[in-house]
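Written out below as structure tokens is the structure these notes cover.
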Amino acid sequence: MTVKNQWDDEAAIRRVNDPCPLPVAWHTADDNRPEPWYLSTDLARAWPGGPPGGPALWPQHAAGLAGQEGDR
7 MTVKNQWDDE AAIRRVNDPC PLPVAWHTAD DNRPEPWYLS TDLARAWPGG
57 PPGGPALWPQ HAAGLAGQEG DR
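For the sequence shown, the positions run 7 to 78 when our numbering is used.
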């Protein structure tokens, strides 16, 4: 709880949410990625302790990562 309070205090001092968070949209990079999508997902699946999230829910292509603020 102490760390959370420190982060909240810093956010208030730096006005991170004042007046509100900046809306951000994103899109995937072009096809000049350093490695193919399947290599990225294979690496994530092999991560020690298991992959983050459910791999069955991952997008099939990097373009599936595009979205708007609030998307999950």
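Glycine is no exception: its CB is placed at the ideal position from the N, C-alpha and C atoms.
Proximity of residue i and residue j at Cβ, strictly below 8 angstroms
i	j	result
Pro61	Arg51	yes
Trp43	Gly73	no
Asn23	Ala17	yes
Residue of the options minimising C-alpha distance to residue i
i	options	result
Ala45	Gln66, Gly59, Pro25	Before going further, note that residue 45 is Leu rather than Ala in the sequence given. Residue Gln66 is the option with its Cα nearest to Leu45.
Ala68	Thr47, Gly56, Pro54	Thr47
N- and C-terminal bounds of the alpha helix (DSSP H) containing residue i
i	result
Ala50	43-51
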